[in-house]
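J.:
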Amino acid sequence: MTKILLACSVVKSLRQGCLVGRKVGNTSAWLRLQATKHFSVKAQTAHLVLEDGTRMKGYSFGHDGSGAGELVFNTGLVGYPEALTDPSYRGQILTLTYPIVGNYGVPNTQELDEIGLRKHVESERIQVSGLLVQDYTHEYSHWNSVKSLGQWLQEEKVPALFGIDTRMLTKVIRDKGTVLGKIEFDGQPVEITDPNQNNLVAEVSTKETKVFGKGNPIKVVAVDCGIKHNIIRLLVKRGAEVHLVPWNQDLMSLEYDGLFISNGPGDPALAKTLIDNVQKVLESDRPEPVFGICMGNQITALAAGAKSYKLPMGNRGQNQPVLNVMTGQAFITAQNHGYGIDSESLPPGWSPLFLNANDGTNEGIMHNTKPVFTAQFHPEAKGGPTDTEFLFDAFISLIKKGKDANIVSVMPKKPKMPPRAEVSKVLVLGSGGLSIGQAGEFDYSGSQAVKAMKEENLKTVLMNPNIASVQTNEVGTKQADSVYFLPVTPEFVTEVIKTERPDGILLSMGGQTALNCGVELFQRGILEKYGVKVLGTPVESIMATEDRQLFADKLMEINEKIAPSIAVESVSDALKAAEKIGYPVMLRSAYALGGLGSGLCANKERLEETANKALAMSSQILVEKSLLGWKEVEYEVVRDVADNCVTVCNMENFDPLGIHTGDSIVVAPSQTLSNEEYHMLRETAIKVVRHLGIVGECNIQYALHPSSLEYCIIEVNARLSRSSALASKATGYPLAFVAAKLALGIPLPDIKNAVSEKTTACFEPSLDYIVTKIPRWDLDRFQGMSHEIGSAMKSVGEVMAVGRTFEESMQKALRMCHPSVDGFVPRLPLKKAWADTQDLQQELAVPSSTRIFSLAKSLHSGISVDQIHQLTAIDKWFLHKLHKITQLEQHLANYRSTTVPKGLLLKAKQDGFSDRQVGQILGSSEKAARELRLSHGIKPWVKQIDTLAAEYPAMTNYLYCTYNGQEHDLDFKDQGIMVLGCGPYHIGSSVEFDWCAVSSIRALRQMGKKTVVVNHNPETVSTDFDECDRLYFEELTLERILDITQQEGCSGSIVSVGGQIPNNLAVPLHMNGVKILGTNPMQIDRAEERSVFSSILDDLGVAQAPWRALSSLLAYGYIRMKHWQAPLWNMWSTEMCLQSVLKYVSSITIAHEFSYH
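Have a look at this one:
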């Protein structure tokens, strides 16, 4: 993998040209010409027309031909090749709720597996009548793909549109139940037809018997109602010779060991011949087992005498929770059905086997005495989770056991569920003072834990010496009963245990500090001595994840993959281990925080230096083979005492392995993983978490090879982490709250989804947006500090942006990081100048806190995506998306405010360009750009984060703004009071401002006032969904605050509780008609403006230190910046120091110059 990062040939080619920061000829003009060509190719437009006359304009990326069908949706995050070829979708126009589609292209759809089935798809053709998406990726990126999604659709003559508000459409389908429609191109009229009037099963079924797995010992007759290839594959894999027969085959005349009835499309009642044939089998004395899936469930139930009905909303996605009625066990399943079976109509002798945990509908039936059972969901899982693949094992086991077999004997046994924890008082350990790697996320997790305990009527005792945190508030309905401002060390915790006598303790909510303390208390016997039960994950499991050797041994027990590694306790042993493994190696510390003590070591000298530092902080280090350049992927996993297990969120690092995930740009969900990769890692995560015995929440990190299915597990964090906070805020799933409930022994299905208020917490969130997290560094605060980043964390905070395209989300996140950043631009923050001796190739090859801006500069300079990929190992999908931003900016530069087309202006907003950016590009101002777009009616739409991709109605108040939409998700009648949050934590602005904001919000709500909170820091309590009436995860910029306050009709805004960022907006907001509550904005300005403030002091006769405005170098004194955070003052004692300080300060631009008035 060293080739990925060295790329000597690329460097050579760059230096031969004009593209390494040296401008030769009119490069910018050439680039603008290329961008113009790119955007002048107009996509063919067409309309989606619903039966009620609704028309939505879209852009074609498939076959340019009209088509009609029933509209349905699928909430899966991956698996579009599998979904499009699923025969169950015959006659339907499929809407994919995840907005960005086509990312990983399409594999070879003609390739066959060893039994003659299509290897990568589920049938021999695309089955849908049409496809609708929000955003289509033209430049796909995946090692196993051979063509784009658009090319495949064109080859198979299937129309497809992008640019559709798929969330709005999903709500229409959901609320109406059945929606007919058509994709119609100009000049190609087509009638709307109802495919469900036809026997679709007859259309998709085989016309002749086919045999797969010939020679296998078990003969299974599979009735083809529209069977998916993976069903046949899984049966053959288990020793079956599968005889695939037509849907109307007479079954009584056939000999077989087992009968299987497949999935299929349409109304099951229309397959009358098949129902009659199955009825004959059920009424006979034939002893052979019968197994049905999806349509097979409905056919079997109808044959038994039950009734089917059209579901009000249908279940279509990959995250549907079902309960095994016999055991209470929950499973996450893939589903695609619009019809269901009425459980009440089942005749005597039949019982429900599975129920949907969300809506209570039937998900499978069983005969009480005969070996007959069914599943409404898809255990073959292509695409989707593989949790219920065991049903194929159960079917084969029934066949092998013969006449004495029964359903109960072959199903997984009910897990031994320990009784709920009998505790009355719980000690919650906090994380102590904020530090790099352990910040406000533990205020959030601890606060949610206390809230969960109080909801269960338990007394809570909190230990945390951090006076600035929300969780240490003395009073409040969400606060602990007792708070101890004491260090979280074994000695002090022991004293609190002696005093308070808790019978339970939570270790997972206070980061590494609480975890390490809890392990030491356990090892000393303190917890056992005083009868304190560790709630949630047992200490032995914690130790197995923290001790590097124990962790490796545990994974080897289940044959899971880890990088070759050796745990050592001395420098000499580390050197020996490295010699054995081979350089370069990665060093990791046990029981460490934020990658402390870790590092990449290319040689003996670097290893010796790093190992000495690591062993000064930890008693054990792991010497590991370097996987530099592999993808880094994370999963957040939740498990309860009953062994129910779900993955709440998966995340993909923008940067390849080698950079601590806390210092990497991260997107959720993953963008470049196929269905096979996504569920391979998900399945492994659940397997590992179960083996380790985790109870509650944990994070598992993977290295995934960029061009194969090879992976290695890096580590498991058996506690809440910064990634957990991000996952929680990214999905809307209250991870810490749920984990605290699970720690008490409450099963997942018994916990309600607090965001939707409709469904269970035992589910996997569906996202219909993309989240981008970018770290915030303050490395300039420390003289001589390297800007390079690696496996040891350096960032002090982070931001989270939500959008419906990657471009929108990325540009929003960059602006959130610092007020001086306009977006994805080739300029450094704080208007810092590029180094005179800039080596752009080196800046790309070596990760740093400013590499994202070097990427922008490279793309602006004309360096290709392929060249940048060779230098950085960043997946080309991300680079193509960034290149699109650059191309759009260059194309926009060909216009001025008077000539720019409305469509191009809207496109710029959809791709995340701010008014300030647009104004600069068009040669005008931010104010003029805002007025221009408003004159065209271009405003952001407000969308909900509901955890369910609009599949069910939700009461959520968790919101974001996007230009990629056609309607608001809610109305605006509250006219609440807006409270501006603190933005990312950084030096000088930390958790204390979140405490201020939360205290303000709670006080307003106690007074009966509606509150509207704006913040973008995922580590905060203020961004908990239940702290306010409306929460916008949005930018703290003048543009966005005006958008929100004008849309909401806010009765006033509070800017004084979020630190300097909102404080600097006081005057601009005031000048734009926003009512600022509290101190008059002009008085705020007088206090912030140093010269005005000094005059006030003089008028009042208040003494002050002598000062003057700097126009020349002075020998000694202080420098203070107006309108900025406290750390931007400094002290000097020499001329050289002063020059350094002035250079830094002069780069800062005050936000006032961007006011509109």
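Numbering-wise (full-length UniProt numbering), the sequence shown opens with residue 1 and increments by one.
Heads up, the beta-carbon is just placed ideally off N, CA and C, and yes, glycines get one too.
#1: Where I232 and L132 are concerned, what is the direct C-alpha to C-alpha distance, given to the nearest angstrom?
#2: Have a look at A394 and D86 and give me their C-alpha separation to the nearest angstrom.
#3: Taking the alpha carbon of E807 as the point to measure from, which residue in K884, H679, N356 has its own alpha carbon closest?
#4: Report the residue ranges of all beta strand (DSSP E) runs contained in full by the segment 1051–1079; include only those spanning at least 3 residues, in chain order.
#5: By DSSP's criteria, C961 is part of a beta bridge. Which residues make up the other side?
#6: Let me know if R55 comes out buried or exposed under the rule of 16 or more other beta-carbons within 10 Å of its beta-carbon.
#7: Leaving out the 5 sequence neighbours to the left and right, which residues in its chain are closer than 7 Å to V865 when beta-carbon positions are compared?
#8: So, with DSSP's three-state summary, where would you put residue 1205?
#9: Determine contact between the segment 577–593 and the segment 621–637, defined as no fewer than three beta-carbon pairs at a distance below 8 Å.
#10: Determine the direct distance from the alpha carbon of S786 to that of N699, and round the result to whole angstroms.
#11: Rounded to the nearest angstrom, how far is the Cβ of L622 from that of S565, given a contact under 8 Å?
#12: With 16 other CB atoms within 10 Å as the buried threshold, where does residue 1159 fall?
#13: Where are the beta strand (DSSP E) runs, 3 residues long or more, that stay fully inside the segment 255–295, in chain order?
#14: Cα separation between S1000 and K454?
#15: Taking Cβ positions, are A590 and R548 nearer each other than 8 Å?
#16: I'd like to know whether the C-beta atoms of Y977 and S1051 end up nearer to each other than 8 Å.
#17: Along the alpha helix (DSSP H) that carries Q335, what are the first and last residues, could you check?
#18: Return yes when the Cβ of Y958 is within less than 8 Å of the Cβ of G732, no when it is not.
#19: Counting only the same chain and skipping the five closest in sequence on each side, list residues whose C-beta sits under 6 Å from that of E441.
#20: By the three-class DSSP mapping on this structure, what secondary structure does V245 have?
#21: Can you tell me the Cα-Cα spacing of F373 and M463, whole angstroms?
#22: What did DSSP end up calling I987 once you bin it into helix, strand or coil?
#23: Is Y80 helix, strand or coil when you go by DSSP?
#24: So what does V101 bridge to, in DSSP terms?
#25: Around the C-beta of P347, are 16 or more other C-beta atoms found within 10 angstroms, so that it is buried, or is it exposed?
#26: Pull up the distance between the alpha-carbon of residue 1158 and that of M810, whole angstroms please.
#27: Along the chain, where does the beta strand (DSSP E) containing T206 start, and where does it finish?
#28: Could you round the C-beta distance between I365 and P352 to whole angstroms and report it? I think they count as a contact, below 8 Å.
#29: Whose C-alpha, out of E122, P412, V534, F162, is nearest the C-alpha of A740?
#30: Take N248 and list the residues in its own chain whose beta-carbon comes closer than 6 Å to its own, dropping the five residues that flank it on each side.
#31: Report the residue from S861, M326, N315 whose alpha carbon sits nearest the alpha carbon of D359.
#32: If you check the beta carbons only, do V223 and Y256 fall under 8 Å apart?
#33: Report the option in R639, Y635, L904, G662 whose CA atom is closest to the CA atom of N650.
#34: Please report the residue range of the alpha helix (DSSP H) in which P1081 lies.
#35: At a cut of 8 Å, does the segment 948–957 reach the segment 169–181 through at least three beta carbon pairs?
#36: Exposed or buried, H138, counting other C-beta atoms within 10 Å across all chains shown (16 or more means buried)?
T.: By the coordinates alone:
#1: Reading the sequence shown from its first residue, position 232 is the one you call residue 232. Reading the sequence shown from its first residue, position 132 is the one you call residue 132. I232 and L132: Cα-Cα distance of roughly 29 Å.
#2: As a first step, residue 394 must be located in the sequence shown, where it is residue number 394. As a first step, residue 86 must be located in the sequence shown, where it is residue number 86. Using only the alpha carbons, I get a separation of about 24 Å.
#3: Position 807 of the sequence shown, counting from 1, holds the residue named residue 807. The candidate whose alpha carbon is nearest that of E807 is K884.
#4: Within the segment 1051–1079, the runs of beta strand (DSSP E) that reach at least 3 residues and sit entirely inside it are, in chain order, 1052–1054.
#5: The count along the sequence shown starts at 1 and reaches residue 961 at position 961. DSSP links C961 through a beta bridge to V942.
#6: As a first step, residue 55 is located in the sequence shown; it is residue number 55 there, counting from the start. Under this definition R55 is an exposed residue.
#7: Start at 1 with the first residue of the sequence shown, and residue 865 comes out as number 865. The answer, listed in chain order, is K876, L879, H880, H883.
#8: Here the chain covers residues 1 to 1157 and nothing more, so residue 1205 does not appear.
#9: At 8 Å Cβ cutoff, the stretches touch.
#10: By 1-based counting over the sequence shown, the position of residue 699 is 699. By 1-based counting over the sequence shown, the position of residue 786 is 786. Approximately 29 Å, taken between the alpha carbons.
#11: To locate residue 622, count along the sequence shown from 1; it is residue 622. To locate residue 565, count along the sequence shown from 1; it is residue 565. Correct: roughly 5 Å between the Cβ atoms.
#12: Given that the chain is displayed from residue 1 to residue 1157, the structure contains no residue 1159 and the question cannot be resolved.
#13: Qualifying beta strand (DSSP E) stretches, in chain order: 258–261, 290–293.
#14: One-based indexing of the sequence shown puts residue 1000 at position 1000. One-based indexing of the sequence shown puts residue 454 at position 454. Taking the straight line joining both Cα atoms gives about 22 Å.
#15: Position 590 of the sequence shown, counting from 1, holds the residue named residue 590. Position 548 of the sequence shown, counting from 1, holds the residue named residue 548. With contacts defined as CB atoms closer than 8 Å, A590 and R548 qualify as a contacting pair.
#16: By one-based count along the sequence shown, residue 977 stands at place 977. By one-based count along the sequence shown, residue 1051 stands at place 1051. The displayed chain sequence assigns Ile, not Tyr, to residue 977. In terms of Cβ geometry, I977 and S1051 form a close pair [threshold 8 Å].
#17: Position 335 of the sequence shown holds residue 335. If you look at Q335, you'll find it isn't in any alpha helix (DSSP H); it sits in the beta strand (DSSP E) that goes 330–341.
#18: On the sequence shown, position 732 is the one that residue 732 refers to. On the sequence shown, position 958 is the one that residue 958 refers to. For the pair G732 and Y958, the CB atoms are nearer than the 8 Å cut-off.
#19: Locating residue 441 in the sequence shown gives position 441, counting from the first residue. The answer, listed in chain order, is R722, A725, E1019.
#20: Numbered from 1 along the sequence shown, position 245 holds the residue referred to as residue 245. It is a strand residue.
#21: The count along the sequence shown starts at 1 and reaches residue 373 at position 373. The count along the sequence shown starts at 1 and reaches residue 463 at position 463. Between the C-alpha atoms of F373 and M463 there is a straight-line separation of about 53 Å.
#22: The sequence position of residue 987 within the sequence shown is 987, counting from 1. Secondary structure at I987: coil, using DSSP grouped into helix, strand and coil.
#23: Along the sequence shown, read from residue 1 onward, the residue named residue 80 stands at position 80. Three-state result, Y80: helix.
#24: For the purposes of this step, residue 101 is taken as the residue at position 101 of the sequence shown. V101 is bridged to Y136.
#25: Counting from one through the sequence shown, the residue named residue 347 turns up at place 347. Exposed: under 16 other Cβ atoms inside 10 Å.
#26: As displayed, the chain neither begins before 1 nor continues past 1157, which places residue 1158 out of reach and without an answer.
#27: In the sequence shown, counting from the first residue as 1, residue 206 sits at position 206. From DSSP, T206 is part of no beta strand (DSSP E); its letter is neither H nor E.
#28: Looking up residue 365 in the sequence shown gives position 365. Looking up residue 352 in the sequence shown gives position 352. Contact between I365 and P352 holds: their C-beta atoms lie close to 6 Å from each other, under 8 Å.
#29: On the sequence shown, residue 740 is found 740 positions in, with the first residue counted as 1. The shortest Cα separation from A740 among E122, P412, V534, F162 belongs to V534.
#30: As a working note, residue 248 is residue 248 in the sequence shown. The beta carbon of N248 sits closer than 6 Å to those of T273, all from its chain and outside the five residues before and after it, given in chain order.
#31: To locate residue 359, count along the sequence shown from 1; it is residue 359. Its Cα nearest to that of D359, the residue N315 stands out among S861, M326, N315.
#32: As a first step, residue 223 must be located in the sequence shown, where it is residue number 223. As a first step, residue 256 must be located in the sequence shown, where it is residue number 256. Cβ atoms of V223 and Y256: not closer than 8 Å.
#33: Mapped onto the sequence shown, residue 650 falls at position 650. Closest by C-alpha distance to N650, out of R639, Y635, L904, G662, is Y635.
#34: As a working mapping, residue 1081 is identified with position 1081 in the sequence shown. 1081–1088 is the span of the alpha helix (DSSP H), which, as asked, contains P1081.
#35: A contact between stretches requires three or more CB pairs, one per stretch, nearer than 8 Å, and the segment 948–957 meets this requirement with the segment 169–181.
#36: The residue you call residue 138 lines up with position 138 of the sequence shown. Under this definition H138 is an exposed residue.
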